[in-house]
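*Asks:* Before I ask anything, let me first share the structure, which is written out below as structure tokens.
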Amino acid sequence: MQPNHRSSELTGYFKYETFPRGMETGMMLDKTDLAKEARALDAGDRIASICSHYEQPKGWIFFDANSVGPAPKSARDAANGLVDDWVNLRRRGWAERDWVDMPSILGDRIAPMIGAGPGEVVVCDNTTVNLYKATGHALAVNSDRATIVTQAENFPTDLHVLQGFERFSDRAIEIRRVDTEDEAIAAMDETVALGSFSHVGYKSGVRWDMAKVNAAAHDRGALVLWDVSHSAGAVPIDVQASDADYIVGCGYKYLSTGPGGPAYVYVRPDLVEKAWPPMCGWMGHADIYAFSGEYVPHAGIKRFISGTPMVGANAIALCAADIYANYDPKDIWERHRSLSEFFVRALEAMCGEYGVEITSPMNHGRRGGHVSFRAPGAGSVVEALIDAKVVSSFRKPDSIRFGISPTALSHHDIYEAVRRLREIMVSEIWKDPKYEKVSV
């Protein structure tokens, strides 16, 4: 494997050059050099303080932010405060707390992380439900078309939602599956109502060019729905600059809204009022306190809220959302870039000779929040890593995924995790029968 070279886009963000001189001439760094570099990168990290807001269990290194992000330290008090309100306020909580307005409050907090503006995002329900809402809305807007283009290896729930429309729609929906970004662009024609894509492949970590795909779709009159679950909070997303139509994502990955935390939905403002959402509910009504038997949709994005807000989940989600308010999203994205590029280089330098092979794009601009790689006995390696207090994830048949949190990891954490991985590969302890059973 060839070492990755320094990206000029990082220049000026960290005080220390990300790729030392030895790498520029193709020389592999030894472990001592990498350890020194990690310390230097951490010393030059101007938003290293962001990590202090999150719980960090001693000795453990978590690389599963692509599954469940780290817990804000304030989450414990928020959960206790919610129980106090439940005990003492009961129904008065709807009037004396922000329970009803929290989908919009959270939406405005999260909006900068995807390049959206105030009043353009609501936090509600889960990813699958919001995918359904966005898909149905898009099909209503493009009511004279019946083709949906999607990735063959899109996340299963994204595909299942589309299959539901294929089976139950009142028109003959055709799902056209593609493998690559270029194939998706080529598939856009006058029959396509919607392109439904994951911004980042959940196995490979491949990131698609949102602006490029949107432009190609719009040229043919198609709309595009993006699932940004594996990118938002880690890598750049700009819904306005890319002219995105629909954005849906879960909050519990890099955005750290807690296990099973609420999802969010963005709809391009000029599209919102072109159709009703397919899931109408009283919280999306123009006047929720009118208790009208006739549905009148809210004039803006709030029409995509359906039922009662998830008060408990929202209280915890607000803890993470409040942290983001203190940091520029660009700084968070750049921090992720430095962490992930250091991981790629360390992994190659320390583990490449033991059969580890990076399968995610080497170019950070084409990679999402996690880095995927192959290794002999991949599933068993992930289990052995847990015993070494390093948590990652495995996806069949042979993909190990390290989800790199820009809010909870240091460069030294990355170095130490790769060092532990190297020990597992050198010793071949992963071959122990106790690691045969692989967890999700």
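Just so you know, this note's numbering puts 1630 at position 247 of the sequence shown, and the rest follows in order with no gaps. Glycine included, each C-beta is placed from N, C-alpha and C at the ideal position. Predicted, not measured: the structure shown is a model, and the values here were computed from it.
#1: Determine, using beta carbons only, whether His1613 and Val1575 come nearer to each other than 8 angstroms.
#2: Classify Glu1400 as helix, strand or coil using the three-state DSSP reduction.
#3: Less than 7 angstroms between C-beta atoms, sequence neighbours within five positions excluded: which residues of the same chain meet that for Ala1729?
#4: With three or more beta-carbon pairs closer than 8 angstroms as the criterion, would you say the stretch 1769–1779 touches the stretch 1587–1605?
#5: State the Cα-Cα distance for the pair Trp1469 and Thr1742, rounded to the nearest angstrom.
#6: For Cys1507, which of helix, strand or coil comes out of DSSP?
#7: In angstroms, rounded to a whole number, what distance separates the CA positions of Pro1486 and Gly1676?
#8: Given Asn1513, which residues of its chain have a CB within under 6 angstroms of its CB, disregarding the five upstream and five downstream residues?
#9: Pick out the complete beta strand (DSSP E) segments inside the stretch 1457–1528, 3 residues or longer, and give them in chain order.
#10: Mind checking Ala1704: buried by the 16 CB within 10 Å criterion, or exposed?
#11: Tell me where the alpha helix (DSSP H) around Cys1434 begins and ends.
#12: Would you report the Cα separation of Glu1566 and Arg1422, rounded to the nearest angstrom?
#13: Under 8 angstroms, do Thr1510 and Thr1540 count as touching if we go by C-beta distance?
#14: Classify Pro1642 as buried or exposed, calling it buried when 16 or more other Cβ atoms lie within 10 Å of its own Cβ.
#15: Can you give the Cα-Cα distance for Ala1454 and Leu1804, rounded to whole angstroms?
#16: Where Gln1546 and Glu1557 are concerned, what is the direct C-alpha to C-alpha distance, given to the nearest angstrom?
#17: Per DSSP, what kind of secondary structure is Pro1712 in: helix, strand or coil?
#18: What would DSSP say about Glu1564, mapped onto helix, strand or coil?
#19: Report yes or no: do three or more beta-carbon pairs, one from the stretch 1669–1688 and one from the stretch 1577–1593, lie closer than 8 angstroms?
#20: Could you spell out where the alpha helix (DSSP H) holding Val1764 opens and where it closes?
#21: Can you say whether Arg1554 is buried or exposed, counting buried as having 16 or more other CB atoms within 10 angstroms of its CB?
#22: Can you tell me which of Gly1667, Val1607, Gly1752 and Ser1552 puts its alpha carbon nearest to the alpha carbon of Phe1726?
#23: At which residue ranges does the stretch 1628–1673 contain complete beta strand (DSSP E) runs of 3 or more residues, listed in the order of the chain?
#24: Rounded to a whole number of angstroms, what is the C-alpha to C-alpha distance between His1436 and Ile1444?
#25: Give me whichever residues DSSP pairs with His1753 in a beta bridge.
#26: On the DSSP letters alone, give me the boundaries of the beta strand (DSSP E) that Leu1424 sits inside.
#27: Out of Ala1627, Ala1673, His1668 and Tyr1678, state which residue places its alpha-carbon closest to the alpha-carbon of Leu1654.
#28: Taking the beta carbon of Pro1660 as the centre, do at least 16 other beta carbons fall within 10 Å, making it buried, or is it exposed?
#29: Please report the straight-line C-alpha distance between Pro1789 and Leu1424, rounded to a whole angstrom.
#30: Exposed or buried, which one is His1709 when buried takes at least 16 other CB atoms within 10 Å?
#31: Relative to the C-alpha of Trp1482, which residue among Lys1817, Leu1701 and Ser1782 is closest?
#32: Which stretch, first to last residue, makes up the beta strand (DSSP E) that contains Ile1531?
#33: Could you give the distance in angstroms between the alpha-carbon of Cys1663 and the alpha-carbon of Ile1715?
#34: Roughly how many whole angstroms lie between the Cα atoms of Thr1533 and Ala1521?
#35: Determine the contact status of Ala1338 and Gly1644, defining contact as a CB-CB distance below 8 angstroms.
*Replies:* For this structure:
#1: No, these two residues do not count as a Cβ contact at 8 angstroms.
#2: Residue confidence for Glu1400 is low, a pLDDT of 32 falling below 50, so the modelled location carries little weight and cannot support an answer.
#3: Cβ neighbours of Ala1729 beyond the five flanking positions: Leu1417, Ile1797, Tyr1798 and Val1801.
#4: Contact fails: fewer than three Cβ-Cβ distances are below 8 angstroms.
#5: Our two residues, Trp1469 and Thr1742, have alpha carbons roughly 48 angstroms apart in a direct line.
#6: It is coil, neither helix nor strand.
#7: The straight-line gap from Cα to Cα measures roughly 23 angstroms.
#8: The beta carbon of Asn1513 sits closer than 6 angstroms to the beta carbons of Val1631, Ala1646 and Val1648 from its chain, once the five residues preceding and following it are set aside; these are given in chain order.
#9: Fully enclosed beta strand (DSSP E) runs of 3 or longer: 1504–1506.
#10: Buried.
#11: Premise fails: Cys1434 is in no alpha helix (DSSP H) and is neither H nor E.
#12: Each residue's alpha carbon lies about 43 angstroms from the other.
#13: Yes, the pair counts as a contact, with Cβ atoms nearer than the cut-off.
#14: Result: exposed.
#15: In this structure, the alpha-carbon of Ala1454 lies about 25 angstroms from that of Leu1804.
#16: In a straight line, the C-alpha of Gln1546 is about 9 angstroms away from that of Glu1557.
#17: In the three-state DSSP reduction, Pro1712 falls in the helix class (H, G or I).
#18: Three-state result, Glu1564: helix.
#19: Segments in contact, no.
#20: Boundaries of the alpha helix (DSSP H) around Val1764: Ala1761 to Asp1770.
#21: Looking at its Cβ environment, which holds fewer than 16 other Cβ atoms inside 10 Å, Arg1554 is exposed.
#22: For Phe1726, the nearest C-alpha among the options comes from Gly1752.
#23: Whole beta strand (DSSP E) segments, 3+ residues: 1629–1633 and 1646–1650.
#24: Just so you know, the alpha carbons of His1436 and Ile1444 end up roughly 16 angstroms apart.
#25: Under DSSP, His1753 shares a beta bridge with Gly1786.
#26: Element bounds for Leu1424: not the beta strand (DSSP E) but the alpha helix (DSSP H), Lys1414 to Ala1426.
#27: Among Ala1627, Ala1673, His1668 and Tyr1678, the Cα nearest to that of Leu1654 is on Ala1627.
#28: Under this definition Pro1660 is a buried residue.
#29: Between the alpha carbons of Pro1789 and Leu1424 lies a gap of roughly 14 angstroms.
#30: Strictly speaking, residue 1709 in this sequence is Asn, with His absent from that position. Exposed.
#31: For the residues Lys1817, Leu1701 and Ser1782, the minimum Cα distance to Trp1482 belongs to Leu1701.
#32: That run of the beta strand (DSSP E) goes Thr1530 to Gln1534.
#33: Looking at the backbone, the Cα of Cys1663 and that of Ile1715 are separated by about 36 angstroms.
#34: Rounded to the nearest angstrom, the two C-alpha atoms are 14 angstroms apart.
#35: This structure gives no information on residue 1338, because the portion of the chain shown stretches from 1384 to 1823.
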